[in-house]
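Numbering (our numbering), first residue to last: 325 to 508. Reviewing the structure listed below.
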């Protein structure tokens with residue numbers, strides 16, 4: 325399984341109700357036989373970037389929100405953005421969306437916020453070897469093709485339902501006709 329779910333999104337099954345992953349959409353960056361790595365797209369935190377990241381240069385607005393990328397390693401900070409012209413754009417995860425991890429990339433994005441879309445994530449979602457496969461067997465996740473709009477949305481709270489609706493079929497029907505689309 326070479327990069328099994330890399331470049332896809334995982335939409336949580338709502339049977340995960342008390343877990344960190346309740347109603348989440350995760351952009352999968354890597355997935356292979358040794359494990360998996362992704363970022364939760366729709367958990368905006370109630371803190372500003374400047375409260376989490378130290379050393380933002382004077383005169384640069386650090387009031388942007390920060391997202392919780394997952395429950396693993398809160399010292400791990402990453403950026404999803406749409407600007408391939410950065411000095412260090414990082415890796416292209418899906419067409420037109422890049423993952424960067426350098427402080428320099430963050431400062432460059434903050435210096436020109438009107439020229440690019442970006443979100444900063446604290447922590448990540450990670451799985452050891454075969455762990456994600458076990459969750460897939462238990463039907464914890466729905467796999468879908470990503471949409472950059474879910475990453476750079478103004479309303480991350482709606483991302484889970486929007487992702488299910490775009491999956492179509494029964495997923496769309498239940499989002500539109502039930503309180504909890506994954507109960508059936």
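Idealized CB from N, CA, C, for every residue including glycine. Keep in mind it's a predicted model, so treat the numbers as computed, not measured.
I need the straight-line Cα distance from residue 348 to residue 366, nearest angstrom please. Computed Cα separation, rounded: 6 Å.
Are there three or more Cβ pairs, one per stretch, closer than 8 Å when the stretch 489-499 is compared with the stretch 359-376? no
Would you kindly check if the distance between the Cβ of residue 433 and the Cβ of residue 405 is under 8 Å? Contact annotation: residue 405 and residue 433 have beta-carbon atoms nearer than 8 Å.
So, under 8 Å CB-CB, residue 417 and residue 331 are touching, yes? Tell me the CB distance rounded to an integer number of Å. Yes, they are in contact, since the Cβ atoms of residue 417 and residue 331 sit about 6 Å apart, within 8 Å.
From the DSSP output, read off the bridge partner residues of residue 468. 333
Rounded to whole angstroms, what's the CA-CA distance from residue 499 to residue 466? Just pull it up for me. 14 Å
DSSP puts residue 372 in a beta bridge; with which residues? According to DSSP, which records beta bridges pairwise, residue 372 is partnered with 389.
Who are residue 431's beta bridge partners in DSSP? BP columns for residue 431 are empty, so no partner.
Using the three-state DSSP reduction, which class does residue 498 fall into: helix, strand or coil? helix
Could you tell me if residue 401 is buried or exposed, where buried requires 16 or more neighbouring beta carbons within 10 angstroms of its beta carbon? buried
Is it buried or exposed for residue 394, if we count other Cβ within 10 angstroms and need 16 for buried? buried
In this structure, how does DSSP classify residue 490 when only helix, strand and coil are distinguished? Residue 490: helix per DSSP, three-state reduction.
C-alpha distance - residue 421 paired with residue 381, whole-angstrom precision: 25 Å
Rounding to the nearest angstrom, what Cα-Cα distance links residue 379 and residue 353 in this structure? If I take the Cα positions, the gap works out to 27 Å.
Any idea if residue 415 is buried or exposed, counting beta-carbon neighbours within 10 angstroms, 16 or more meaning buried? Residue 415 comes out exposed.
Sequence-distant residues of the same chain with beta carbon closer than 6 Å to residue 505, five excluded per side: Because residue 505 sits at a pLDDT of 49, beneath the cut-off of 50, its placement in the model cannot be relied upon, and the following sentence gives the value as read from the coordinates. Answer for residue 505: 488, 498 and 499, listed in chain order.
Buried or exposed: where does residue 419 fall if 16 or more other Cβ atoms within 10 Å of its Cβ makes it buried? Classification for residue 419: exposed.
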